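Okay, structure first, notes after.
Residue numbers (mature numbering (1 follows the signal peptide of the UniProt record, and there is no 0)): -23 to -1, 1 to 313.
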């Protein structure tokens, strides 16, 4: 009888367990703050920390181990693994390893240089209970406060609808990766993060897969994370051109493939860049460019001079663009 009771107790803990997924690489100067944030959570259910150290050369692994007993006394299980290869294998690899060794029903993604607010896990867990098929984010506070002010206003200010519609204009996920919280089944439905290593936007690739699956990103509209900005952050290794190419391919796949023809609103640098970046099939659908700049309108046309085909394509530059799509109108793609 006691064995049966113990079995059901362990099973109940696993069902309710929340796994904090923590990839670590040379994060010694931030880990104490990060783990103190985990200690301070007001969530009353079961939690575990699943950390994976990606070939750190500083004292990150020692700091993780030094927190084991303190977290255990708080009721938080601690799982720490890693490797000591000569080179790190990347954020995607580290996340996959941390997830693989965890057992919680929900995954709370945490970057080692960020700090959770005490309410984070509780409020995101409540949101996930109501929306089991969604990835749940939150608003953030930047540290230092004056860093990336425009970007921070953008990610905090998007409406719930814009979290989906602006996925095509964003430089990354509209719900930023360090705030993600989701059910394990959702992760399993997508599969692992890309393990291409440095320079690969594994979060954006995974986010696009979520959208393909039909998952809607959601956000708890409270500040639940201190989001640290520093020069050594992994995000700085991803080139702007890489993000742009992925955005254009996703736009073609999810939107432009559904249109027979369209116009591009913006005859300036961004609009022309978008046209040049499109695949051949999508370029053939472009009817015109639209703009409000008098000089561009007076010029009257845009010619794609880099074209490899005989007879360079030329498009009219118009002063108006149909903004409401009807059966006899041309959809307009706005490029800012």
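For each residue, glycine too, the CB sits at the ideal point set by N, CA and C.
Note that this is a predicted model, so its numbers are computed, not measured.
Contact set for residue i: own chain, Cβ-Cβ below 7 Å, skip 5 residues either direction
i	result
residue 78	27, 56, 58
residue 38	30, 59
residue 216	176
Inter-residue spacing [alpha-carbon to alpha-carbon] between residue i and residue j
i	j	result
residue 187	residue 276	43 Å
residue -15	residue 23	Caution is warranted here: a pLDDT of 41 is assigned to residue -15, below 50, making its placement in the model unreliable, and the coordinate value is therefore given only provisionally. Spanning the two alpha carbons is a distance of roughly 12 Å.
residue 234	residue 33	44 Å
residue 146	residue 45	42 Å
residue 196	residue 7	25 Å
residue 76	residue 84	8 Å
residue 218	residue 256	16 Å
residue 160	residue 61	31 Å
residue 165	residue 82	11 Å
residue 248	residue 119	31 Å
residue 73	residue 67	10 Å
Three-state class that DSSP yields for residue i in the structure shown
i	result
residue 244	coil
residue 156	helix
residue 93	strand
residue 177	coil
residue 189	helix
residue 135	coil
residue -8	helix
residue 120	strand
residue 261	coil
residue 328	With the chain covering -23 to 313 only, the question about residue 328 has no answer from this structure.
residue 225	helix
residue 30	strand
Min CB distance residue i to chain B below 8 Å
i	result
residue -6	As a matter of chain content, chain B is missing from the structure shown, which is built from one protein chain.
Nonlocal neighbours in the same chain, by C-beta distance under 6 Å from residue i, ignoring five residues either side
i	result
residue 171	69, 177, 179, 182
residue 86	-3, 157
residue 1	28, 30, 37, 89
residue 293	265, 278
Nearest residue (CA-CA) to residue i, options the options
i	options	result
residue 199	-6, 268, 115, 164	115
residue 174	12, 71, 33	71
residue 194	223, 163, 215	163
residue 157	88, 189, 96	88
residue 272	295, 250, 260	295
residue 167	111, 61, 43	111
residue 245	220, 263, 274, 232	274
residue 189	100, 99, 12, 227	227
residue 11	40, 20, -7, -8	40
residue 261	-5, 136, 290, 20	290
Close beta carbons around residue i, own chain, < 8 Å, minus the five adjacent residues each side
i	result
residue 52	23, 24
residue 124	206
Pair within 8 Å by beta-carbon distance, residue i and residue j
i	j	result
residue 140	residue 151	yes
residue 259	residue 230	no
residue 95	residue 17	yes
residue 202	residue 35	no
residue 241	residue 263	yes
residue 98	residue 104	no
residue 80	residue 15	no
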